[in-house]
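In our numbering, the protein residues as written are 6 to 429.
No residue lacks a Cβ here, since even glycine has one placed at the ideal position from N, Cα and C.
Inspection log for the structure reproduced underneath, given as structure tokens.
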């Protein structure tokens with residue numbers, strides 16, 4: 006790829022950084038009244054070469070930046086907004102310093118990795134333009150607009166830049182019976198703040214439920230009872246949402262002075278699509294554990310897993326008490342594929358839903374599928390061998406094998422939790 010370093014030239018010559026842009030990227034001379042015909046011809050020739058080599062490239066400033074195509078708003082292909090259209094970014098010079106600046110600008114926490122934008126399908130539309138500037142960031146800038154830039158020629162969508170940020174939670178539902186019901190709180194400048202009812206709408210509730218992966222919004226209530234009122238700060242912004250946004254941060258918002266109290270805290274309830282199942286066994290009461298989150302099934306890592314967690318799973322599936330088979334029996338269910346949703350799960354054994362146990366953030370782990378959790382409950386288990394059955398945590402029957410039982414059809418169980426929500 007041919008790179009053109011943007012450096013100011015002498016008066017009357019082409020000035021790449023400070024000259025006004027004419028249609029099709031034609032760069033005017035610094036002083037059109039005194040520019041010689043040769044200078045104008047050079048400028049015209051340069052702009053024509055630029056147009057030929059860049060194809061759909063586009064010059065100029067940009068107003069917004071976003072990540073698209075990822076699992077959440079903090080991961081995906083990098084796109085910039087110019088006027089009313091979104092353009093991609095060429096990945097030349099795109100590195101972890103660039104990603105760190107982008108993540109900071111988006112409020113997405115630390116940079117995790119740089120990715121090729123082609124990973125985040127569907128394929129970029131052919132008529133979508135490519136931003137012709139390359140970013141050279143040192144990692145300490147507050148936004149991409151503060152990074153140094155160079156002009157590039159010849160970028161295509163095969164070179165689109167991508168990024169993955171840590172993506173810390175920026176909104177939550179607190180003090181409800183589950184993670185999908187509760188008082189709306191927004192994380193602002195490192196502090197969780199309640200949201201005042203003034204200016205709040207059901208459209209905003211829809212966005213919150215979508216952002217949390219909690220399905221449809223079913224209720225929003227202006228005002229919380231005393232037991233669920235907040236005690237800390239109150240958010241100093243008012244959100245205006247259409248209901249179609251991916252996150253609350255995507256809604257139009259404005260800083261406003263208010264005299265709200267915690268009597269006016271907003272409460273939201275969403276559908277809770279959380280579900281779990283045991284797969285790979287000969288009944289629904291044994292197998293490799295999988296949980297449903299944001300519409301996708303994934304495994305659970307066995308780091309921190311114990312019999313109390315087994316109890317919660319067996320109870321939630323209506324399968325009685327957990328058994329304690331040897332490792333070789335658990336391995337019969339095989340490793341999973343795809344997502345690993347949960348890690349470092351710690352339960353007291355009293356939770357009505359696995360979702361209420363302590364765990365790392367959804368999708369964060371240091372595991373592989375050889376560490377997938379497997380659970381065997383007494384219910385309708387078909388695992389052979391009476392020797393290990395006496396080790397079950399719920400007490401063993403005296404003597405003999407468990408009678409053969411007709412296996413139940415495979416099913417999943419969605420939770421409707423009534424316990425206190427775990428507050429991260």
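Query	Result
Burial state of residue 328 (16 or more Cβ within 10 Å)	buried
Unbroken stretches of the alpha helix (DSSP H), 4 residues or longer, contained in the segment 73-119	101-111
Cut-off 7 Å between Cβ atoms - residues of its own chain near residue 81, not counting five sequence neighbours on either side	72, 73, 74, 75, 125 and 167
Nearest-angstrom Cα separation, counted from residue 204 out to residue 91	30 Å
Candidates 357, 260, 308 and 331, of which the one nearest residue 372 by Cα	308
Member of 284, 321 and 350 whose CA lies at the smallest distance from the CA of residue 339	284
Residue 67 - DSSP class collapsed to helix/strand/coil	coil
Residue 139, buried or exposed, once every other Cβ within 10 Å from all chains shown has been counted against 16	buried
Which listed residue (207, 113, 96 and 226) has its alpha carbon closest to that of residue 159	96
Per DSSP, the bridge partner or partners of residue 151	Beta-bridge pairing links residue 151 to no other residue.
Residue 42 in three-state terms, based on DSSP	helix
Where residue 376 sits in the DSSP three-state scheme	helix
Whole-angstrom distance between residue 111 and residue 201, CA atom to CA atom	24 Å
Residue 272 beta carbon less than 7 Å from that of residue 226	yes
Boundaries (first-last residue) of the alpha helix (DSSP H) holding residue 207	207-216
Identity of the residues DSSP links to residue 225 by a beta bridge	273
Residue 196 versus residue 333 - alpha carbon distance	47 Å
Buried or exposed by the 16-neighbour rule on C-beta atoms within 10 Å, applied to residue 43	exposed
CB contact flag (residue 245, residue 257, <7 Å)	yes
Endpoints, the beta strand (DSSP E) within which residue 186 is located	186-193
Residue environment, residue 361, which counts as buried when at least 16 other CB atoms sit within 10 Å	buried
Counted within 10 angstroms of its Cβ, other Cβ atoms place residue 266 as buried (16 or more) or exposed	exposed
Helix, strand or coil at residue 235 [DSSP, three-state]	coil
Member of 209, 255, 275 and 141 whose CA lies at the smallest distance from the CA of residue 477	Missing from the structure shown is residue 477; the chain here goes from 6 to 429 and no further.
Rounded distance between the beta-carbons of residue 358 and residue 321, thought under 8 Å	6 Å
Residue 322 Cβ short of 6 Å to the ligand MN heavy atom set	Annotation note on the ligand MN: not contained in the displayed structure, which lists no ligands.
Residue range of the unbroken alpha helix (DSSP H) whose run includes residue 160	Where residue 160 is concerned, there is no enclosing alpha helix (DSSP H), given that its DSSP letter is neither H nor E.
Whole-number beta carbon distance between residue 220 and residue 277, since they are thought to touch under 8 Å	7 Å
Pair within 7 Å by beta-carbon distance, residue 250 and residue 212	yes
Endpoints, beta strand (DSSP E) assigned at residue 176	176-183
Rounded distance between the beta-carbons of residue 234 and residue 268, thought under 8 Å	7 Å
Residue 305 - containing beta strand (DSSP E), residue span	301-305
Check whether residue 282 and residue 291 have beta carbons under 7 Å apart	no
Boundaries (first-last residue) of the beta strand (DSSP E) holding residue 203	First-last for residue 203: undefined, no H or E at that position.
Proximity below 7 Å, CB of residue 3 to CB of residue 314	No statement about residue 3 is possible, as the shown extent of the chain runs from 6 to 429 and does not include it.
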